[in-house]
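For what it's worth, my numbering labels the leading residue of the sequence shown as 6, then goes sequentially.
Just so you know, even glycine gets a beta-carbon here, dropped at the ideal spot from N, CA and C.
Owing to the predicted nature of the structure, the values given are computational and were not obtained by experimental measurement.
Here the structure comes first, spelled out in structure tokens, and everything after it is commentary.
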Amino acid sequence: MGAEKWLDIELWNSTAECFSALKKRGYRIATTCLGTDSVCVYDMDWSQPTAIVVGNELRGISDDALKLSDLHCSVPMKGMVDSFNVSVAAGILMHHAVCDRVSRLGHHGDLLPEESRILLAEFYLRHRESTASIVHEYAKRKAENFMA
């Protein structure tokens, strides 16, 4: 439904290769798991960059991902349910991550102002089908303002 426009998608040959690359970029890896060593989403410190790995309801997280991750986390559930839909679980985790980062750090992003502007420009370009005409119009307006 168009969500891929907002994501940078990377493909990896293995879980180990992916996790290694993420760790080199400064991320810790948190996998969702109902095990006894899982940290509740409410108790996690989200102030450091964290890659969240969510499995589907049927198969969950692979054994490799569980072994290679830095920590296991869980979303508390009530009633007879023992798993959420993957998109619901991801949404709950990301909501708590943002709330925790704001309360601990005063903000939830790590981008510098210039990086934010570049990312916003990239999103605008991804969103519009007529990218060339937008860039042309912007350049025209800048030139008009410069000449005035």
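Close-in-space but distant-in-sequence residues of the same chain around residue i (CB under 6 Å, 5 per side omitted)
i      : result
Arg131 : Lys10
Nonlocal neighbours in the same chain, by C-beta distance under 8 Å from residue i, ignoring five residues either side
i      : result
Leu110 : Ser52
Candidates the options, of which the one nearest residue i by Cα
i     : options                         : result
Met82 : Val59, Ala70, Leu73 and Ile97   : Ile97
Gly65 : Val44, Ser74, Thr36 and Asp48   : Thr36
His77 : Ile139, Lys28, Pro118 and Cys45 : Cys45
Thr20 : Leu63, Ala8 and Ala70           : Ala70
Asp48 : His101, Ala148 and Glu120       : His101
C-alpha distance - residue i paired with residue j, whole-angstrom precision
i      : j      : result
Arg122 : His113 : 16 Å
Lys72  : Trp17  : 18 Å
Cys104 : Thr55  : 14 Å
Ser79  : Leu39  : 6 Å
Asn90  : Gly60  : 9 Å
Val58  : Cys23  : 11 Å
Leu117 : Lys28  : 21 Å
Whether residue i touches residue j by CB criterion (8 Å)
i      : j     : result
Arg30  : Asp75 : no
Glu120 : Ser88 : no
Residue ranges of each alpha helix (DSSP H) run of no fewer than 4 residues wholly in the stretch 92-153, ordered along the chain?
Restricting attention to alpha helix (DSSP H) runs no shorter than 4 residues, the stretch 92-153 encloses them at 118-132 and 136-152, ordered along the chain.
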